[in-house]
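Numbering (our numbering), first residue to last: 2 to 397.
Virtual Cβ for every residue (Gly too), placed ideally from N, Cα, C.
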Ligand code: NAD
Ligand code: MG
């Protein structure tokens, strides 16, 4: 029986994780659940899964939730704040941690789980972009097992030889090929892109996901973050990671070997598949998702990404090539930009402009980035630069 902590339980990945875990009550016990603000959502998940621990952002919300659950006879202990997340992530009782918080907020709890030597299922890609080397080194030092949940990276992991460990350069591999759906605006002209609204941007054609990653998919920054994520997880240079647009989202990524063989993982675009893979690894358990009817699908398309209409992908590749703190700065600027776009404070096409402006500014912190203090300082500095840009050029 494995004790599971879900960081970001009320989100899209968090709920899918609980859906899969609940199909296998003989294998998994839900030990802990966390949420940022969604008190009602967390309460409902506590009723259904009866975890030993829960955590939420604000102390007042934690007190209310504790009262509610106690009055219903539940024994869940409710904690508050970011320190509680890291403490739960490091607790030796929970051997299996799903990292499914969105954004940089997931860095500290993910790192805490890795430093505690757990099996850590990483959906939360931003920490790998900010501090990939730090996380992978911590995994090696502490014997943590990292299993990728992002569908592309999970697909790649599945196409690597049995026994492969994340953080090592895989034997005989020439290239990784990340597939991208192209997002909801794949066929939009620049004029159309200029006018897109947050509501249109969060409506993804193939996947149902949280708002931030949906906007990232619409700008193709999601694929840029995934390129950097792939370099960190698989210890490969940016030049060995290719991106191809595949609008059907059925091939989730490919590994090209030295001998010309390409291995791909296919499946319905449903996150329960990579989640079930990682929860059960190295075994296999049902995910609740069926296979594919290939004859009915008929055909699959592959196209080169258009970097003129979607410059965010080029910015991410340039940051990956530059290395040092560039990926961290890119991530911070993107988080500020996406939040501003969703809040109606800037237009869709301003997102890459803001990121480019932040990346162009020299950092006052040098190009380090292997220690946590520097990572957090670089993140904070880039966010300030992004906020200044927004103040000056944000048009709403
Ligand atoms: P979401 O917005 O649906 O959920 C985010 C979760 O994080 C919620 O539980 C929320 O309460 C919590 N959270 C938000 N801000 C927080 C903070 N400051 N402190 C603590 N908790 C906080 O997001 P999602 O779509 O589930 O994505 C989660 C992560 O997984 C992201 O990094 C995303 O890029 C990655 N991912 C998601 C999908 C997907 O299908 N949704 C696929 C691949 C990767
Ligand atoms: Mg993905």
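Going by DSSP, residue 78 is part of the beta strand (DSSP E) stretching over 78-81. Counting only residues of its own chain and dropping the five nearest sequence neighbours on each side, residue 15 has a CB closer than 6 Å to the CB of 7, 9, 101. Annotated as distal: residue 186 and residue 177, with beta-carbon spacing of 7 Å or more.
A distance below 7 Å separates the beta carbons of residue 335 and residue 222. In the same chain as residue 52, and ignoring 5 residues on each side of it, the C-beta atoms closer than 7 Å to its own belong to 31, 32, 33, 34, 77, in chain order. For the pair of segments examined, the region 191-207 was found not to touch the region 290-304: the number of CB pairs separated by less than 8 Å stays below three.
As the crow flies, the alpha-carbon of residue 85 is around 46 Å from that of residue 301. In its chain, beyond the 5 residues on either side, 185 have a beta carbon closer than 7 Å to the beta carbon of residue 201. In terms of Cβ geometry, residue 153 and residue 253 form a close pair [threshold 7 Å]. One alpha carbon belongs to residue 140, the other to residue 120, and they sit about 10 Å apart. When DSSP reads this structure, residue 258 sits in a beta bridge with 174. Below 8 Å, too few C-beta pairs join the region 313-327 and the region 342-349 to call them touching: fewer than three. Residues whose Cβ lies closer than 7 Å to any heavy atom of ligand 2, listed in chain order: 151, 152, 153, 223, 227. Taking C-alpha positions only, residue 230 is separated from residue 36 by approximately 24 Å.
Residue 148 is positioned such that its CB atom lies closer than 7 Å to that of residue 279. In the three-state reduction of the DSSP assignment, residue 243 falls in the strand class, which pools E and B. Around the beta carbon of residue 263, fewer than 16 other beta carbons lie within 10 angstroms, which makes this residue exposed. According to the DSSP assignment, residue 374 belongs to no beta strand (DSSP E) but to the alpha helix (DSSP H) extending over 373-394. Distances from the CA of residue 228 to each of 151, 356, 283 were compared; the closest alpha carbon is that of 151.
Residue 13 has its Cβ nearer than 6 Å to a heavy atom of ligand 1.
Per the Cβ contact rule, the region 379-389 is not in contact with the region 235-247 (fewer than 3 Cβ pairs under 8 Å). In this chain, the beta strand (DSSP E) harbouring residue 149 covers 146-149. When 90, 350, 286, 160 are compared, the shortest CA-CA separation from residue 267 is found for 160.
Taking non-hydrogen atoms of ligand 1 into account, the C-beta of residue 203 is found less than 6 Å away from none of them. Taking 8 Å as the upper bound for CB-CB distance, residue 179 and residue 242 are in contact here, some 6 Å apart. Of the candidates 42, 24, 26, 3, 42 places its Cα closest to the Cα of residue 11. Counted as a single uninterrupted DSSP element, the alpha helix (DSSP H) harbouring residue 273 occupies residues 273-281. The residue among 363, 244, 173 with its C-alpha nearest the C-alpha of residue 260 is 173. Taking 6 Å as the cut-off, one finds no heavy atom of ligand 1 near enough to the beta carbon of residue 99. Rounded to the nearest angstrom, the Cβ distance from residue 307 to residue 364 is 30 Å, too far for a contact under 8 Å.
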